[in-house]
């Protein structure tokens with residue numbers, strides 16, 4: 010027997026996962042959605058960042074095991090909202106989340122939609 014829709018009951022604690030992480034900005038691009046390339050609309054910006062600092066304590070007292078991994082955040086703001094961000098110089102955090110989902114064959118990928126990202130003043 011194979012049960013259906015089990016993943017819809019799985020919860021991901023985004024606040025706990027992102028609480029002790031800082032990201033290094035690597036890319037901004039238009040976030041488009043639609044049924045086919047001809048009808049796709051720009052709905053925001055995709056911001057990609059590398060986990061620059063990971064102070065999360067993981068099971069078995071592992072620390073920093075996701076440092077260096079990339080995450081793409083979907084933000085419902087225009088690309089121009091990030092004009093001041095500099096590649097490999099701007100660091101940022103994610104504190105609020107619209108939707109975060111685990112996906113992938115090995116359940117090791119995240120889909121992250123956020124209302125905003127906060128740059129860290131150095």
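Residue numbers (the numbering used here): 10 to 131.
Note that CB positions come from ideal geometry on N, CA and C, so glycine has one too.
None of these values were measured; they are calculated from a predicted model.
Locate the beta strand (DSSP E) running through residue i, then write down its first and last residues.
{"i": "residue 38", "result": "30–42"}
{"i": "residue 160", "result": "The structure shown has nothing for residue 160, since the chain only spans 10 to 131."}
To the nearest angstrom, report how far apart residue i and residue j are at their CA atoms.
{"i": "residue 35", "j": "residue 61", "result": "11 Å"}
{"i": "residue 63", "j": "residue 43", "result": "35 Å"}
{"i": "residue 91", "j": "residue 12", "result": "43 Å"}
{"i": "residue 59", "j": "residue 98", "result": "11 Å"}
What does DSSP give as the partner residue(s) for residue i in the beta ladder?
{"i": "residue 54", "result": "39, 84"}
{"i": "residue 97", "result": "Looking at the DSSP assignment, residue 97 forms no beta bridge with any residue, so it has no partner."}
{"i": "residue 22", "result": "Answer by DSSP bridge pairing: none, since residue 22 is not bridged."}
{"i": "residue 63", "result": "30"}
{"i": "residue 127", "result": "102"}
{"i": "residue 79", "result": "59"}
Report the three-state DSSP secondary structure of residue i (helix, strand or coil).
{"i": "residue 14", "result": "coil"}
{"i": "residue 46", "result": "coil"}
How about residue i: is its C-beta nearer than 8 Å to some C-beta of chain C?
{"i": "residue 53", "result": "Going by chain labels, chain C is absent from the structure shown, which holds only one protein chain."}
Review point. Between the stretch 14–32 and the stretch 98–109, do three or more beta carbon pairs fall short of 8 Å?
Key: Yes: the two stretches touch, three or more of their Cβ pairs being nearer than 8 Å.
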